[in-house]
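See structure below.
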Amino acid sequence: MRKSYILSALQQGAATAVKEYEYWSDGILLHECTGESFMVHHMATAAIKTIKKYSLDYSIRLEYLGRQIMDDQKERPRGRPPKFFCSSQRLDMAILDTEYQLKFAIEHCCPAKG
């Protein structure tokens, strides 16, 4: 499985979320973090469909705890880990293999408010 298939699915999911929200809202664009969970849901849905289509042994976790990610990794990074991995912060979405090894980390970013 190429990473490009999953990346493409994530992009398609994001595009679907934007189009669907625009339809629901009578033309208003999905912006300023109002639909973060909406966007992540569509991205996860598209990713899992691609994963299942290609019979990959990956799973998706939403709101995956930084501390848990570090605990699940077979190999610890050398030196002091980034603060994120020792905290209660969460990734919006993580794609893991069957041994819970992190393959993709997805964090929805909001546009800067002007």
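Residues 3 to 116 (our numbering) make up the sequence shown, in order. Beta carbons: idealized from backbone N, C-alpha and C, even for Gly.
**OP:** With DSSP collapsed to three states, give me the class of residue 71.
**Re:** The residue you call residue 71 lines up with position 69 of the sequence shown. Residue 71: helix per DSSP, three-state reduction.
**OP:** With DSSP collapsed to three states, give me the class of residue 117.
**Re:** Examination of residue 117 is not possible in this model, given that the chain is present from 3 through 116 alone.
Original post:
Are the beta-carbon atoms belonging to residue 94 and residue 109 less than 7 Å from one another?
Top reply: Walking along the sequence shown from the start, residue 94 turns up at place 92. Walking along the sequence shown from the start, residue 109 turns up at place 107. In this structure, residue 109 lies closer than 7 Å to residue 94 by Cβ.
Original post:
How would you call residue 11, buried or exposed, if buried means at least 16 neighbouring beta carbons within 10 angstroms?
Top reply: For the purposes of this step, residue 11 is taken as the residue at position 9 of the sequence shown. Classification for residue 11: buried.
Subject >> For residue 66: DSSP bridge partner residues >> reply: As a working note, residue 66 is residue 64 in the sequence shown. For residue 66, which the question treats as bridged, DSSP gives the partners 93.
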